[in-house]
Amino acid sequence: MINFAVGPVQMEEQVRAIGAEQIPYFRTAEFSALMKENERILKKLAKAPKEARAVFLTASGTAAMESAVMHVFSKKDRVLAVNGGSFGQRFVDLCRMHEIPFSELSVPYGKAVTQEMLRPFENQGYTGLLMNVHETSTGVHYDLDLMASFCERNHLLFVADAISSFLADAFSMEEKGVDVMIASSQKGLACPPGISMLVLSERAIERVRENPTKSMYLDLKRALLDGERGQTPFTPAVGILLQMQERLKALEECGVEAEVARTHGLAEDFREKIRGLPLQIASESLSNAMTPLKPLHGHALDIVTVLKEEYGIWVCPNGGELRDQIFRVGHIGALTKEDNTKLVDALKDMAGRGLL
738 MINFAVGPVQ MEEQVRAIGA EQIPYFRTAE FSALMKENER ILKKLAKAPK EARAVFLTAS
798 GTAAMESAVM HVFSKKDRVL AVNGGSFGQR FVDLCRMHEI PFSELSVPYG KAVTQEMLRP
858 FENQGYTGLL MNVHETSTGV HYDLDLMASF CERNHLLFVA DAISSFLADA FSMEEKGVDV
918 MIASSQKGLA CPPGISMLVL SERAIERVRE NPTKSMYLDL KRALLDGERG QTPFTPAVGI
978 LLQMQERLKA LEECGVEAEV ARTHGLAEDF REKIRGLPLQ IASESLSNAM TPLKPLHGHA
1038 LDIVTVLKEE YGIWVCPNGG ELRDQIFRVG HIGALTKEDN TKLVDALKDM AGRGLL
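Residue numbers for the sequence shown, in my numbering: 738 to 1093.
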């Protein structure tokens, strides 16, 4: 099976090998040192300010999104949430659930945010922005320069869900003025799912300290405090954190720019190879992480099923109203251009059989 999903993704052999080892006890000086090293490298890869802190939650990326919303903002805020798909909708739902006053910037599927879309929200008393750097459900990569400039002009706290784009696309917390970056273990880091991370600026940390705690398990105050000694409040996914250290060290050695370039090369290779197939790229602003495809004939979900069952290849289906319209091909994880060729050959064969 070749895995072109957008998470979990294919892992390197050395990372998989660590997953087969016995799990060590974690309330030790050795594990604390490992966690401090994980935090240091993660901050480096995110190009975070020196005073930033990283927190590791044993939970999916949605938990990190929720923890950010409930701890960085309060009823005193007025937040703008960018909603261009199911993950933007998740921020909207979280604001509503936690009673954070908000407005919704609705973006049509497959479309990028423009200056014209932002204009009605200028100088309207907003205090924060919530956005997915890459709206994974539709494949749109938003213009970070545009959003950063908007936040700077309006003095907003900038919360960026970079779960699928981190290590696939260029990103700098410090340069873009991002106050919270959210990431997850099973995407560009190419580790098993189970760990989500938040990197918080000094301004975001101050907000966490000021706002009331609303959750025991997702308490960022306690996570930040325990993190000072390289620990977590509750039992973490120790094995995944060990695997993560392997990946973080390898990424530090090769450099984040090299990893982004590698992913970009895979994405461009795939997009070139599908030329001439009855498939339409469904986003006007692409991430290196993934290519969203709309079949000109047939149903997207049927294509996903046939690729899995007859060719041994995983690609990402979609949900909701996009279920039969769009499927997604990931370019993150331990994939190669030879893997791209195998997928494209399968798609060509399906087209010849009238299945595409």
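Virtual Cβ for every residue (Gly too), placed ideally from N, Cα, C.
Which residues in the same chain have their Cβ closer than 7 Å to the Cβ of residue i, if we skip the five residues on either side of it in sequence?
{"i": "Arg790", "result": "Leu937, Ile942, Leu961 and Gly964"}
{"i": "Glu996", "result": "Leu904 and Leu988"}
{"i": "Pro1032", "result": "Pro1015, Leu1016, Ile1040 and Leu1093"}
{"i": "Gly1057", "result": "Ser823"}
{"i": "Val993", "result": "Leu782 and Leu904"}
{"i": "Glu983", "result": "Gln751, Val752 and Ile755"}
{"i": "Gly1067", "result": "Phe741, Ala742, Val743, Val746, Ala1026, Met1027 and Cys1053"}
{"i": "Cys888", "result": "Leu866, Phe895 and Gly914"}
{"i": "Thr950", "result": "Asp956 and Lys958"}
{"i": "Thr1042", "result": "none"}
Beta-carbon separation of residue i and residue j under 7 Å?
{"i": "Leu955", "j": "Ser804", "result": "yes"}
{"i": "Gly756", "j": "Arg815", "result": "no"}
{"i": "Ile837", "j": "Phe810", "result": "yes"}
{"i": "Ser933", "j": "Ala800", "result": "yes"}
{"i": "Ile977", "j": "Ser922", "result": "yes"}
{"i": "Ile919", "j": "Met807", "result": "no"}
{"i": "Asp916", "j": "Leu935", "result": "no"}
{"i": "Phe741", "j": "Val975", "result": "no"}
{"i": "Gly798", "j": "Ile900", "result": "yes"}
{"i": "Cys928", "j": "Met981", "result": "yes"}
{"i": "Glu788", "j": "Glu1009", "result": "no"}
{"i": "Asn775", "j": "Leu1084", "result": "no"}
{"i": "Pro973", "j": "Thr765", "result": "no"}
{"i": "Lys773", "j": "Gly967", "result": "yes"}
Could you give the DSSP three-state label for residue i: helix, strand or coil?
{"i": "Lys1010", "result": "helix"}
{"i": "Glu841", "result": "strand"}
{"i": "Glu872", "result": "strand"}
{"i": "Ala789", "result": "coil"}
{"i": "Gln826", "result": "helix"}
{"i": "Asn820", "result": "strand"}
{"i": "Asn740", "result": "strand"}
{"i": "Cys1053", "result": "strand"}
{"i": "His1034", "result": "coil"}
{"i": "Ser1001", "result": "One point to set straight first is that residue 1001 is His, not Ser, in the sequence displayed. In this structure, His1001 counts as helix in the three-state DSSP scheme."}
{"i": "Gly1067", "result": "strand"}
{"i": "Thr799", "result": "helix"}
{"i": "Met953", "result": "coil"}
{"i": "Leu1023", "result": "strand"}
{"i": "Met692", "result": "Coverage of the chain is limited to positions 738 through 1093, which leaves residue 692 absent and any answer about it impossible."}
{"i": "Pro1015", "result": "coil"}
{"i": "Val877", "result": "strand"}
{"i": "Val896", "result": "strand"}
{"i": "Phe903", "result": "strand"}
{"i": "Ser921", "result": "strand"}
{"i": "Pro1029", "result": "strand"}
{"i": "Gly967", "result": "coil"}
{"i": "Gly1089", "result": "helix"}
Just to confirm my understanding: we take residue i, look at its own chain, exclude 5 residues before and 5 after, and list those with CB closer than 6 Å. What are they?
{"i": "Leu1038", "result": "Pro1054, Arg1060 and Asp1061"}
{"i": "Lys913", "result": "Leu881 and Ala885"}
{"i": "Cys749", "result": "Checking the sequence shown, residue 749 turns out to be Glu, not Cys. Around Glu749: Ala1071."}
{"i": "Leu979", "result": "Ile755"}
{"i": "Arg959", "result": "Pro970"}
{"i": "Arg944", "result": "Val809"}
{"i": "Lys925", "result": "In the sequence under discussion, the amino acid at residue 925 is Gly, which differs from the Lys named in the question. Same-chain partners within the cutoff: Phe903, Leu904, Ala905 and Ile1069."}
{"i": "Gly865", "result": "Phe810, Asp814, Val816, Leu893 and Leu894"}
{"i": "Ser840", "result": "Leu817"}
{"i": "Leu771", "result": "Gln982"}
{"i": "Gln826", "result": "Asn820"}
{"i": "Val829", "result": "Ala818, Asn820 and Glu841"}
{"i": "Ile778", "result": "Leu985 and Glu989"}
Roughly how far, in whole angstroms, is the beta-carbon of residue i from the beta-carbon of residue j, given that I think they are within contact range, below 8 Å?
{"i": "Leu842", "j": "Met854", "result": "6 Å"}
{"i": "Ser874", "j": "Phe824", "result": "6 Å"}
{"i": "Met1027", "j": "Gly931", "result": "That pair is no contact at about 21 Å."}
{"i": "Leu1003", "j": "Asn948", "result": "Actually they do not touch by this definition, with Cβ atoms about 41 Å apart."}
{"i": "Val850", "j": "Val819", "result": "6 Å"}
{"i": "Leu1023", "j": "Phe1064", "result": "Not confirmed; about 15 Å, so no contact."}
{"i": "Gln852", "j": "Leu883", "result": "7 Å"}
Using C-beta distances below 8 Å, list every residue in its chain close to residue i, excluding the 5 sequence neighbours before and after it, in chain order.
{"i": "Leu1049", "result": "As written in the sequence, residue 1049 is Gly, which differs from the Leu given in the question. Closer than 8 Å at Cβ, skipping near neighbours: Met738 and Ile739."}
{"i": "Asp1006", "result": "Lys1074 and Asn1077"}
{"i": "Ala1088", "result": "Leu1014 and Pro1015"}
{"i": "Lys812", "result": "Glu836, Ile837 and Pro838"}
Comparing the CB of residue i with every heavy atom of the ligand ZN, is any distance shorter than 6 Å?
{"i": "Lys951", "result": "Looking for the ligand ZN in the displayed structure turns up nothing, as the structure carries no ligands at all."}
Can you confirm whether the region 840 to 850 touches the region 1014 to 1030 when touching is taken to mean that 3 or more C-beta pairs between the two stretches lie within less than 8 Å? yes
Between the region 765 to 784 and the region 908 to 927, do at least 3 Cβ pairs fall closer than 8 Å? yes
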